[in-house]
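Heads up, the thing below is written out as structure tokens.
Residue numbers (the numbering used here): 1 to 168.
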């Protein structure tokens with residue numbers, strides 16, 4: 001009977017296309033590994049402090065969403081690439097698949113206050129912690145507001161990582 005229940009469970013997971021794997025908590029990241037039948041492994045390194053930065057900015061005009069009232073410009077691509085190449089060896093960057101850094105941005109300053117990662121490869125968590133720290137310390141986004149800001153807040157913005165070697 002147990003084999004039958006397990007077989008049904010696996011069939012449902014297969015039909016849904018996803019099998020969830022391990023989840024563990026680090027001091028800096030919540031890490032969730034997901035397996036997808038069609039796309040392989042995905043590892044989400046979520047910043048444990050990101051919930052501190054959930055408040056959206058408010059504008060005097062409520063006609064548009066907060067996201068529609070803000071434009072971001074990431075002018076630090078070369079600096080981000082330099083940080084990548086400093087922390088990760090060339091051989092590592094050649095084998096790592098493109099990932100995404102998901103950042104909470106303070107509005108209006110453009111300061112990156114929280115960084116999470118969505119990756120397809122396993123990466124040394126200590127290097128990711130240093131990468132997160134370097135991004136928060138040394139990178140920022142230029143923010144252009146299309147309305148009068150009533151209350152400061154935070155918005156999400158993402159950018160690709162592990163692509164610096166491909167740009168050369």
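The beta-carbon is built from N, C-alpha and C at its ideal position, and this holds for glycine as well.
Thinking just about the alpha-carbon of each residue, which of the options is nearest to the one in residue i?
i	options	result
residue 83	46, 69 and 129	129
residue 105	85, 127, 148 and 70	70
residue 62	151, 73 and 103	151
residue 102	33, 50 and 35	50
residue 31	123, 157 and 75	123
residue 78	139, 157 and 158	139
residue 162	97, 125, 127 and 108	97
residue 56	108, 92 and 42	108
Within its chain, find whatever has a CB closer than 7 angstroms to the CB of residue i; leave out the 5 residues flanking it on each side and keep chain order.
i	result
residue 60	147, 148 and 150
If you drop the 5 nearest sequence neighbours on each side, which residues of the same chain put their C-beta closer than 6 angstroms to that of residue i?
i	result
residue 144	71
residue 20	Reliability fails at residue 20, whose pLDDT of 47 lies under 50, so the model's placement of it is uncertain and the value that follows must be treated cautiously. Contacts found: 34.
residue 85	164
Given that a residue counts as buried once 16 or more other Cβ atoms are within 10 Å of its Cβ, and exposed if not, what is residue i?
i	result
residue 160	exposed
residue 164	buried
residue 110	buried
residue 155	buried
residue 141	buried
Our contact map puts residue i next to residue j with C-beta atoms below 8 angstroms; I'd like the distance itself, whole angstroms only.
i	j	result
residue 120	residue 99	7 angstroms
residue 28	residue 132	7 angstroms
residue 93	residue 127	Not a contact, Cβ separation roughly 11 angstroms.
Tell me which same chain residues have a C-beta within less than 8 angstroms of the C-beta of residue i, skipping the five on either side of it?
i	result
residue 135	80, 83, 101, 103, 112 and 115
residue 58	66, 149, 150, 151 and 153
residue 53	104, 106, 113, 114 and 154
Do the region 39-53 and the region 104-119 make contact, defined as three or more Cβ pairs closer than 8 angstroms?
yes
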